[in-house]
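Since the structure comes first, as structure tokens, the remarks are kept for the end.
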Amino acid sequence: MDKLEAVQRTLRFSDTIRQWVESEHQVYFDDFDNYNVEDYEDGYGDLADQIIQKGIKENVLDEEDLQDFS
Numbered sequence: 448m449d450k451l452e453a454v455q456r457t458l459r460f461s462d463t464i465r466q467w468v469e470s471e472h473q474v475y476f477d478d479f480d481n482y483n484v485e486d487y488e489d490g491y492g493d494l495a496d497q498i499i500q501k502g503i504k505e506n507v508l509d510e511e512d513l514q515d516f517s
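Going by the numbering used here, the final residue of the sequence shown carries number 517, and the count climbs one at a time with no gaps.
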């Protein structure tokens with residue numbers, strides 16, 4: 448699973464994480480793309496990492512599926 452897919456899966460299946468992203472960061476599902484989830488300067492790289500970590504904690508994602516990226 449690539450990073451964008453992990454972010455999208457988490458936002459799709461976790462209402463609490465999606466609401467956190469929308470209310471705290473004013474970022475929405477369609478705002479993420481392959482480029483900006485990897486961009487740590489002007490994009491959403493750090494936020495994407497936080498979403499993924501929260502997704503793992505909520506068991507939306509399996510950490511073993513995420514070994515394709517760091």
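Glycine included, every Cβ here is placed at the ideal spot set by N, Cα and C.
Span of the alpha helix (DSSP H), counted from its first residue to its last, around Ser470: On the sequence shown, position 23 is the one that residue 470 refers to. Residues 462-472.
Leaving out five residues before and five after Met448 in sequence, what residues of the same chain have Cβ atoms less than 6 angstroms from its Cβ? On the sequence shown, position 1 is the one that residue 448 refers to. So the qualifying residues of the chain are Asp512.
By Cβ distance below 8 angstroms, which residues in the same chain neighbour Gln455 in space, the five residues on each side in sequence not counted? As a first step, residue 455 is located in the sequence shown; it is residue number 8 there, counting from the start. Result list for Gln455: Phe476, Phe479, in chain order.
Neighbour-count burial assignment, Leu463, 16 or more Cβ in a 10 Å radius: Walking along the sequence shown from the start, residue 463 turns up at place 16. In the sequence on display, residue 463 carries Thr and not Leu. The residue is exposed, with fewer than 16 neighbouring Cβ atoms inside 10 Å.
So what's Val484 in DSSP terms, helix, strand or just coil? The residue you call residue 484 lines up with position 37 of the sequence shown. Looking at Val484 - three-state DSSP - the assignment turns out to be coil, as it is neither helix nor strand.
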